[in-house]
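Working notes for the structure below.
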Amino acid sequence: MTDYLTYTPAEYAPDAPATALHFQRWFENWRAGFEGAAGAPRLQDAALDTGASTAAGRAWVAARVIDPGAGGVGTYALLRTVSGTSAITAGATLAGSSLQYSSTSNFSGGTLTGTWRAMGSRGAGTTDATLFQRIA
């Protein structure tokens, strides 16, 4: 079992320098918490330990982790613009109606819905695809 390593007040002061030991403690203390090491905060849901989780609680979690399917908010897709060859920069947002699914050599289908953030770039004058994430 991993030991829980404490910090002194001087070590976590706002102006204290970050050291390799700080990072080691940070990573190892997560493990110590999950393993239940002495002095470590418990990092486990007590309802799961006792079997007391409720249907409502499980539904709440499931609603936040269920696979949204292709094109759902949070998903990624290789897309290209429907028309136009203007440059796309990483971080730019485009309406789904101006995008369509693509591959490395082809494109297919109609337009999408929602708002998509470019995760890559492409130069002006091309119809190349890049990676997008749906954000709304």
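All residue numbers for the sequence shown refer to this note's numbering, where the first residue is 176 and numbers rise by one.
We put the beta carbon where it would ideally sit given N, CA and C, even for glycine.
Bear in mind that the values here come from a model prediction, so they are computed numbers and not experimental data.
DSSP places residue 254 in the uninterrupted beta strand (DSSP E) bounded by 251–256.
Distance from residue 310 to residue 268 at the Cβ level is roughly 7 angstroms; contact confirmed, criterion being Cβ atoms closer than 8 angstroms. Residue range 195–210 is occupied by the alpha helix (DSSP H) that includes residue 208. Within its own chain, the residues whose Cβ lies closer than 8 angstroms to the Cβ of residue 286, once the five positions on either side in sequence are excluded, are 257, 271, 272, 273, 274 and 275, listed in chain order. In terms of Cα proximity to residue 264, the closest of 208, 207, 291 and 213 is 291. The beta carbon of residue 301 lies closer than 7 angstroms to those of 260 in the same chain, with the five residues before and after it left out.
In the DSSP assignment, residue 277 forms a beta bridge with 282. Ranking 196, 254, 238 and 218 by CA distance to the CA of residue 180 puts 196 first. Your pair residue 238 and residue 299 does not check out as a contact, with CB atoms roughly 42 angstroms apart and the cut at 8 angstroms.
Residue pairing by DSSP places residue 297 opposite 263 in a beta bridge.
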